[in-house]
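A short write-up of the structure that comes next.
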């Protein structure tokens with residue numbers, strides 16, 4: 007038996023050429039480095055008994071992301087070139103999209119509005135294309151892992167017609183593409199990346215009550231703020247779904263224990279370390 011290991015940065019090429027290898031290959035997706043790997047990469051001496059130190063490291067990670075070359079160089083061109091290569095060499099070349107600059111403009115728009123509800127009709131109006139074209143272009147980004155889409159929790163019909171939210175595949179890409187913006191938005195994006203492999207992820211919005219994520223049997227709200235108050239999670243407390251057995255709020259730093267909602271600081275959640 008001979009093992010052949012091949013790597014490729016283009017998911018489109020890998021996906022379309024792998025048909026000839028059906029039943030004879032295993033695809034492994036390489037992800038950005040984790041928070042703990044980031045600390046090792048940067049040579050930081052971390053100590054989990056010092057929460058404020060870990061919180062500072064976590065914020066550095068939020069702003070930098072987990073693309074190894076960018077972590078080492080902090081050269082924004084590393085990430086811009088990566089995005090451009092996917093847009094120009096993968097998407098445009100593979101699908102024959104002539105207006106590559108429009109695709110680039112759309113990607114930056116999606117990064118700017120990451121975590122916010124978007125409809126294809128609104129996207130189309132902003133960039134000057136029809137609904138079908140907007141949906142097609144967003145699909146290209148999703149297929150090449152430049153974005154992740156999250157649907158609203160509900161029936162199949164609700165999921166189909168309701169606005170979707172998009173998240174960046176890496177917080178560093180979001181920062182370089184659209185600026186630092188809100189640190190809370192970056193925290194929400196990171197939480198999505200940490201939970202996306204647990205199962206289908208949805209956002210919840212009903213009767214003026216919105217919760218960031220529903221995944222598996224858990225409702226998750228991200229409240230990355232300096233001063234957390236228990237009243238900040240009334241929407242999370244109010245979620246009443248048969249599917250939801252547990253409720254979790256992810257905060258900037260450790261908070262006092264609550265009876266009805268579990269809590270964990272983001273640096274612990276990203277480190278897979280409990281209180």
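In my numbering, the protein residues as written are 7 to 281.
Backbone N, C-alpha and C fix where the C-beta goes; we use that ideal spot for every residue, glycine too.
Opposing strand residues paired with residue i [DSSP bridges]
i, result
"residue 220", "208 and 225"
"residue 257", "229 and 271"
"residue 124", "170"
"residue 158", "209"
With 16 other Cβ atoms within 10 Å as the buried cut-off, status of residue i
i, result
"residue 51", "exposed"
"residue 251", "exposed"
"residue 217", "buried"
"residue 63", "buried"
"residue 97", "buried"
"residue 4", "In the structure as shown, the chain starts at 7 and stops at 281, and residue 4 therefore has no counterpart that could be examined."
"residue 114", "exposed"
"residue 213", "exposed"
"residue 264", "exposed"
Residue i: CB within 7 Å of a non-hydrogen atom of the ligand NAP
i, result
"residue 110", "The model depicted lacks the ligand NAP and carries no ligand whatsoever."
CB contact flag (residue i, residue j, <8 Å)
i, j, result
"residue 253", "residue 238", "no"
"residue 93", "residue 110", "yes"
"residue 256", "residue 164", "no"
"residue 189", "residue 221", "no"
"residue 249", "residue 268", "no"
Local conformation of residue i per DSSP, three classes
i, result
"residue 103", "coil"
"residue 20", "Legend: pLDDT at residue 20 = 49, less than 50; position of this residue unreliable, no value from coordinates given."
"residue 246", "coil"
"residue 252", "strand"
"residue 152", "coil"
"residue 131", "helix"
"residue 215", "strand"
"residue 143", "helix"
"residue 110", "helix"
"residue 36", "coil"
Taking contact to mean at least 3 C-beta pairs separated by less than 8 Å, is the stretch 167 to 186 in contact with the stretch 108 to 127? By the Cβ rule, the stretch 167 to 186 counts as touching the stretch 108 to 127, because three or more pairs are nearer than 8 Å.
Could you check whether the stretch 38 to 58 touches the stretch 137 to 152, counting it as contact only if at least three pairs of C-beta atoms, one from each stretch, sit closer than 8 Å? Inter-segment contact for the stretch 38 to 58 and the stretch 137 to 152 is absent: fewer than three beta-carbon pairs are separated by less than 8 Å.
Between the stretch 84 to 98 and the stretch 128 to 135, can you find at least three pairs of beta-carbon atoms closer than 8 Å? no
Under 8 Å, with one C-beta from each stretch per pair, do the stretch 136 to 143 and the stretch 173 to 182 reach the 3-pair mark? no
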